[in-house]
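Asker:
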Amino acid sequence: LPGISSPEPRVIEDELFQQIRMLDAEAGILCDARPSEYHERLRHEGSSTVQNMPTRYTSMDESRLYLDLIVRRTHHFLSAVRPGKTGRSIIPSRSELESPRGLRTHFDDVEPFDGLYQRSACSLRRQQELYAFEIIRWSAAFEPLYAMVTPSEHEFLGFQLLKIRANVLTILLYGELATTEMAYDSFMPEFERIVSLAQTFLEHRCTCAPTLLLERGFNWSQGLLLPLLLVATKCRDKGLRRRAVHLMSREPWREGPWWSLSTARLGAWLVGIEEEGLVGEEVPEEGRARLLSVDFREVGARRVVRVAAVRGDREVRCGEWDWSLGPNVDIRGFAMERD
Numbered sequence: 186l187p188g189i190s191s192p193e194p195r196v197i198e199d200e201l202f203q204q205i206r207m208l209d210a211e212a213g214i215l216c217d218a219r220p221s222e223y224h225e226r227l228r229h230e231g232s233s234t235v236q237n238m239p240t241r242y243t244s245m246d247e248s249r250l251y252l253d254l255i256v257r258r259t260h261h262f263l264s265a266v267r268p269g270k271t272g273r274s275i276i277p278s279r280s281e282l283e284s285p286r287g288l289r290t291h292f293d294d295v296e297p298f299d300g301l302y303q304r305s306a307c308s309l310r311r312q313q314e315l316y317a318f319e320i321i322r323w324s325a326a327f328e329p330l331y332a333m334v335t336p337s338e339h340e341f342l343g344f345q346l347l348k349i350r351a352n353v354l355t356i357l358l359y360g361e362l363a364t365t366e367m368a369y370d371s372f373m374p375e376f377e378r379i380v381s382l383a384q385t386f387l388e389h390r391c392t393c394a395p396t397l398l399l400e401r402g403f404n405w406s407q408g409l410l411l412p413l414l415l416v417a418t419k420c421r422d423k424g425l426r427r428r429a430v431h432l433m434s435r436e437p438w439r440e441g442p443w444w445s446l447s448t449a450r451l452g453a454w455l456v457g458i459e460e461e462g463l464v465g466e467e468v469p470e471e472g473r474a475r476l477l478s479v480d481f482r483e484v485g486a487r488r489v490v491r492v493a494a495v496r497g498d499r500e501v502r503c504g505e506w507d508w509s510l511g512p513n514v515d516i517r518g519f520a521m522e523r524d
């Protein structure tokens, strides 16, 4: 199957091909200097496979393979439309932190996205809806299988992760192309499901899959951290975003470059920026912040993270702390400096 099977199965096995493809797409979330032509080509990968997608899945592996393909296609579509994440950073340079050992990520620009409506709006909107329909079709084929799974089954946690990923993908597909942070308010059901499913995962993993998320454990691919960070940074419901931070801070594990406790602190830092001087429950447009850059650096025995966000109309904020496991994360009182 195009997009799922290896083009050269005697040279590279299907599973390895799929993992490399997913790692490529996930890495692009952090930093991507590749031209839009590259993404324009790959967003059409496996079109015939998606078109003939089953109407009902028979196993978790089958549903995962199709979701992986849809995730890759959607990420490439977004990267083809939006400016590339080139790795440039808004964070001011400090010589003592410019260690060659580190990672620089770039999530957004200070200038807000100009929107679909400025560039071939009707065509791009139709394409966006086509990718949204792929997620809807996948979900419809997945739900009957998901409904049959019980907490005692060994694949129970894998099913929770698949459902989380589908909800995250829906939010990203529309949110990444929105011109206002207020657009994320329409995704409250998806935010609620992500938090609920993540909580279910963490509460059941000890009995269902004790080897998952071991203390100080490492997972190479995304699982819970970026979905929960998405809730902490884009959901403006006070209760939900605090639950997301709490879930990330309850125990240490690692997914790619992300440590759970320090990622919780990153989410809490952004929450703190948005809630400065807040009157009432709703965060107004001018008080909402977008994460711009996260720089990781190893300086001697220290792992330092430096972050930047923009609040409202070009008000850039920077923060810095040790990127360590730490015993706990407190949402209150993170030091912030005004750039």
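In the working numbering, the protein residues as written are 186 to 524.
Beta carbons are placed, not taken as given, at the ideal position from N, Cα and C, and that holds for glycine.
(1) Compare the C-alpha of M373 against each of F344, R426 and T385 and name the closest.
(2) Excluding five sequence neighbours on each side, which residues of the same chain lie with their C-beta closer than 7 Å to the C-beta of L415?
(3) Taking all protein chains shown into account, do 16 or more other C-beta atoms lie within 10 angstroms of the C-beta of G462, making it buried, or fewer, making it exposed?
(4) Tell me whether the segment 226-236 and the segment 252-260 touch, counting them as touching only if at least three CB pairs, one residue from each stretch, are closer than 8 Å.
(5) Expressed to the nearest angstrom, what Euclidean distance is found between the alpha-carbon atoms of W506 and A210?
(6) What does DSSP give as the partner residue(s) for G504 in the beta ladder?
(7) Count the other C-beta atoms from every protein chain shown that fall within 10 angstroms of the C-beta of A332, then say buried if there are 16 or more, exposed otherwise.
(8) Any idea which residues DSSP pairs A474 with across the strands?
(9) Whole angstroms are fine: how far does the CA of H261 sit from the CA of Q203?
(10) How about I458 and P412: are their beta carbons less than 8 Å apart?
(11) Identify whether D422 lies in helix, strand or coil by the three-state DSSP scheme.
(12) Rounded to whole angstroms, what is the Cα-Cα separation between R350 and D253?
(13) Rounded to the nearest angstrom, what separates A474 and R499 at their Cα positions?
(14) Ignore the nearest five residues each way along the sequence and tell me which others in G402's own chain have a CB closer than 6 Å to its CB.
(15) With 16 as the cutoff for other CB atoms within 10 Å, does C537 come out buried or exposed?
(16) F292 by DSSP, collapsed to three states: which one?
Answerer: Result, derived from the coordinates:
(1) Walking along the sequence shown from the start, residue 373 turns up at place 188. Taking the Cα of M373 as reference, the smallest distance to any Cα among F344, R426 and T385 is reached at R426.
(2) Counting from 1 along the sequence shown, the entry for residue 415 is found at position 230. The answer, listed in chain order, is V353 and I356.
(3) Along the sequence shown, read from residue 1 onward, the residue named residue 462 stands at position 277. The residue in question, G462, is exposed, as its Cβ has fewer than 16 Cβ neighbours within 10 Å.
(4) The segment 226-236 is in contact with the segment 252-260.
(5) By one-based count along the sequence shown, residue 506 stands at place 321. By one-based count along the sequence shown, residue 210 stands at place 25. W506 and A210: Cα-Cα distance of roughly 28 Å.
(6) Within the sequence shown, numbered from 1, the residue matching residue 504 stands at position 319. Answer by DSSP bridge pairing, in chain order: V492.
(7) By 1-based counting over the sequence shown, the position of residue 332 is 147. With fewer than 16 Cβ atoms within 10 Å of its Cβ, A332 is classed as exposed.
(8) Within the sequence shown, the letter at position 289 stands for residue 474. In the DSSP assignment, A474 is bridged to R496.
(9) In the sequence shown, the residue the question calls residue 203 occupies position 18. In the sequence shown, the residue the question calls residue 261 occupies position 76. Roughly 15 Å separates the two Cα atoms.
(10) Counted from its first residue, the sequence shown places residue 458 at position 273. Counted from its first residue, the sequence shown places residue 412 at position 227. I458 is not a Cβ neighbour of P412, given a cutoff of 8 Å.
(11) Position 237 of the sequence shown, counted from the start, is the residue given in the question as residue 422. Coil, per DSSP.
(12) What you label residue 350 is simply residue 165 of the sequence shown in a count that begins at 1. What you label residue 253 is simply residue 68 of the sequence shown in a count that begins at 1. One C-alpha to the other measures close to 9 Å.
(13) For this step, residue 474 is matched to residue 289 along the sequence shown. For this step, residue 499 is matched to residue 314 along the sequence shown. Per the coordinates, the alpha-carbon of A474 lies some 10 Å from the alpha-carbon of R499.
(14) By one-based count along the sequence shown, residue 402 stands at place 217. Residue placement at G402 is flagged as unreliable, the pLDDT there being 49, under the threshold of 50; the coordinate-derived value follows with that caveat. Answer for G402: W438, listed in chain order.
(15) Residue 537 lies beyond the stretch modelled for the chain, which goes from 186 to 524, so this question has no answer here.
(16) Working through the sequence shown from its first residue, we reach residue 292 at position 107. In the structure shown, F292 sits in coil (DSSP, three-state: anything other than H, G, I, E or B).
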